[in-house]
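A.B. asks:
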Amino acid sequence: MSGPLLPPPARPGVASAWVQRWSHLVPAGARVLDVACGSGRHLRWFAQRGCQVTGVDRDAAAVEPLRPLAEIIVADIECGPWPLAGRRFDAVVVTNYLWRALLPTVAGSLADGGVLLYETFSLGNERYGRPSNPDFLLRPGELLALAAEAGLQVVAYENGLLHEPQRCVQRLVAVRPAAAGSAVLHALQN
0 MSGPLLPPPA
10 RPGVASAWVQ
20 RWSHLVPAGA
30 RVLDVACGSG
40 RHLRWFAQRG
50 CQVTGVDRDA
60 AAVEPLRPLA
70 EIIVADIECG
80 PWPLAGRRFD
90 AVVVTNYLWR
100 ALLPTVAGSL
110 ADGGVLLYET
120 FSLGNERYGR
130 PSNPDFLLRP
140 GELLALAAEA
150 GLQVVAYENG
160 LLHEPQRCVQ
170 RLVAVRPAAA
180 GSAVLHALQN
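Here it is as structure tokens:
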């Protein structure tokens with residue numbers, strides 16, 4: 000879908016409407032990674048849903064209050080090595096963050112049957128505010144290309160303008176194929 004997207008306005012500290020909408024694909028008990036988790040709005044959302052959450056962010060002060068809820072890893076994932084090498088998660092959440100060199104690593108962190116929930120700014124956002132640097136704005140279809148390159152099955156995709164505040168975003172939900180009977184495939188069929 001492209002064109003205007005009109006979700007309810009986002010509130011600080013509340014999981015994005017996109018993440019909330021697709022959370023049913025992530026069962027209780029799932030291992031969830033929140034990349035560049037910041038103050039932890041999505042980490043908190045999945046912890047409250049009974050998931051085992053891990054958050055990674057470079058801002059030690061921002062993530063310190065999250066330690067009782069989750070495994071917290073303080074790391075600069077843009078300049079240093081990926082701190083979760085070899086680990087796989089049932090869901091990976093990325094919002095309002097883009098570091099292109101990390102995209103294959105993020106997709107590679109999904110376990111079989113795992114769900115990728117991705118939402119960030121896209122080209123056109125420079126008309127409405129920050130970020131405005133094209134290095135941090137997705138190009139048209141870029142998340143779809145990521146899914147194709149990683150062998151992920153696209154469940155949902157949107158690209159367009161959101162309001163309150165106005166911003167251009169691209170959003171994707173994709174699943175790493177798994178054997179029949181996986182929890183995610185079951186959720187998609189029901």
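In numbering that gives the first Met the number 0, the protein residues as written are 0 to 189.
We treat Cβ as the ideally placed atom computed from N, Cα and C, and that holds for glycine.
Note that the structure is a prediction, hence the values are computed from the model and not measured.
Do you know how far the Cα of Asp58 is from the Cα of Ile71?
C.D. replies: 11 angstroms
A.B. asks: Whole angstroms are fine: how far does the CA of Glu63 sit from the CA of Val73?
C.D. replies: 9 angstroms
A.B. asks: Are Leu122 and Arg138 touching if we call contact CB-CB under 7 angstroms?
C.D. replies: Yes, these two residues count as a Cβ contact at 7 angstroms.
A.B. asks: Report back the beta-carbon spacing between Arg170 and Tyr156 to the nearest angstrom; my notes put them in contact at under 8 angstroms.
C.D. replies: 7 angstroms
A.B. asks: Got a sec: does the ligand ADP put a non-hydrogen atom nearer than 6 angstroms to the Cβ of Asp89?
C.D. replies: Absence of the ligand ADP from the depicted structure is noted, as is the absence of any ligand whatsoever, leaving it without description.
A.B. asks: What span of residues does the alpha helix (DSSP H) with Gly28 cover, start to end?
C.D. replies: The continuous stretches of alpha helix (DSSP H) do not include Gly28, and DSSP gives it neither H nor E.
A.B. asks: Ala146 and Val114 - do their beta-carbons sit closer together than 7 angstroms?
C.D. replies: no
A.B. asks: Output the distance between the C-alpha atoms of Gly49 and Trp21, rounded to the nearest integer angstrom.
C.D. replies: 16 angstroms
A.B. asks: Can you tell me the Cα-Cα spacing of Gly107 and Ala84, whole angstroms?
C.D. replies: 10 angstroms
A.B. asks: Would you mind stating whether Arg79 and Asp56 have Cβ atoms separated by less than 7 angstroms?
C.D. replies: Rather than Arg, the amino acid found at residue 79 in this sequence is Gly. Using a Cβ distance threshold of 7 angstroms, Gly79 and Asp56 do not count as a contacting pair.
A.B. asks: Could you tell me which residues DSSP puts in a beta bridge with Ala173?
C.D. replies: Leu115, Val153
A.B. asks: Run the CB neighbour count on Asn158, radius 10 Å, all protein chains shown included, and call it buried at 16 or more, exposed below.
C.D. replies: buried
A.B. asks: Using the Cβ count rule (16 or more neighbours within 10 Å means buried), how would you classify His162?
C.D. replies: exposed
A.B. asks: With a 10 Å radius around its C-beta and 16 neighbouring C-beta atoms as the bar for buried, classify Ser131 as buried or exposed.
C.D. replies: exposed
A.B. asks: Quick one, are the C-beta atoms of Val31 and Phe45 less than 7 angstroms apart?
C.D. replies: yes
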